[in-house]
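In the working numbering, the protein residues as written are 28 to 196.
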Amino acid sequence: ILLAYVSTPRHEGPEVNREMAENDATVLYKAGEKKLGTDEKTFVQIFSQRSAAQLAAINHFYHDKYGHSLKKAIKNETSGNFAHALLTIVQCAESPAKYFAKVLRKAMKGLGTDDTKLLRVIVTRSEIDLHYIKAEYLKKYKKTLNDAVHSETSGHYRAFLLSLLGPNQ
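Below you can see the structure in the form of structure tokens.
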């Protein structure tokens with residue numbers, strides 16, 4: 028799935044083809060919940076060829092038609108790394124800010140800090156949507172991302188991350 032996802036060209040604009048989204052929801056249902064076993068090839072094809080906006084619309088139609096989210100269907104019909112990849116794609120399509128706030132929280136939660144994950148997310152999202160991620164982090168965890176990073180890091184590394192994060196909210 029990941030190879031197909033990164034190697035397939037797709038338009039990433041905000042436009043949604045509602046008819047295609049509704050059809051894809053039906054195709055995914057037939058490839059998963061409606062049959063015994065799962066047609067993983069169909070999931071790979073749709074997930075790798077559709078934009079984030081289109082995948083969010085597919086999730087919406089799936090919920091409307093079948094009474095639960097595409098995420099729930101993925102959890103029920105797939106497992107392991109394949110399920111994790113599909114769920115990550117859907118979560119990013121729904122709300123990148125929520126997804127990355129959750130990733131950052133996991134990177135700093137508990138004993139030790141996953142510095143690789145923390146650094147990767149802050150650096151790669153700094154000029155894209157970090158301000159939305161910061162707002163989502165505060166909303167979900169009742170603590171600013173700046174404060175969380177400050178308490179989990181030190182020295183030049185802390186200063187670097189805080190400079191990327193910008194002013195505290």
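Glycine residues also receive a C-beta, built at the ideal position from the N, C-alpha and C atoms.
Option nearest residue i by Cα separation, candidates the options
| i | options | result |
| --- | --- | --- |
| T65 | V43, N103 and A52 | N103 |
| V33 | S78, D156 and T143 | S78 |
| V176 | I85, K133 and Y159 | K133 |
| I116 | I85, L138, K136 and I160 | I85 |
| L165 | T140, K129 and I149 | K129 |
| Q81 | H95, K62 and S122 | S122 |
| V150 | A120, F127 and Y56 | F127 |
| N108 | N195, L29 and Q196 | L29 |
| T171 | G139, S181 and M135 | M135 |
| Q118 | N173, P41 and L97 | L97 |
| S181 | R152, N44, G139 and E154 | G139 |
| R37 | I155, D142 and Q76 | Q76 |
| A83 | K62, L114, T105 and E67 | L114 |
| H90 | Y56, R152 and G137 | Y56 |
| T105 | P194, K62 and P41 | K62 |
| F187 | Y159, D142 and K167 | D142 |
Cβ-Cβ separation, residue j to residue i (assumed contact under 8 Å), whole Å
| i | j | result |
| --- | --- | --- |
| V71 | A31 | 5 Å |
| E163 | K125 | 5 Å |
| L157 | L189 | Not a contact, Cβ separation roughly 12 Å. |
| T69 | V54 | 6 Å |
Secondary structure of residue i, DSSP reduced to three states
| i | result |
| --- | --- |
| D156 | coil |
| G107 | helix |
| E42 | coil |
| N195 | coil |
| T53 | helix |
| D26 | What is shown of the chain runs 28 to 196, which leaves residue 26 out entirely. |
| S122 | coil |
| T69 | helix |
| S34 | helix |
| I28 | coil |
| G182 | helix |
| E163 | helix |
| K129 | helix |
| L63 | coil |
C-beta neighbour in chain C for residue i, strict 8 Å
| i | result |
| --- | --- |
| L192 | Checking the listed chains, one finds no chain C in this structure; it contains a single protein chain. |
Sub-8 Å separation of residue i and residue j beta-carbons
| i | j | result |
| --- | --- | --- |
| F74 | A48 | no |
| E131 | L146 | Looking at the sequence itself, residue 131 is Leu, so the reference to Glu does not match. Their beta carbons are not under 8 Å apart, which means L131 does not touch L146 by this criterion. |
| A2 | E60 | The chain is shown from 28 up to 196; residue 2 falls before or after that span and cannot be answered. |
| Q196 | K169 | no |
| A52 | K92 | yes |
In chain order, each beta strand (DSSP E) run of at least 3 residues that lies wholly inside the region 76 to 102: none
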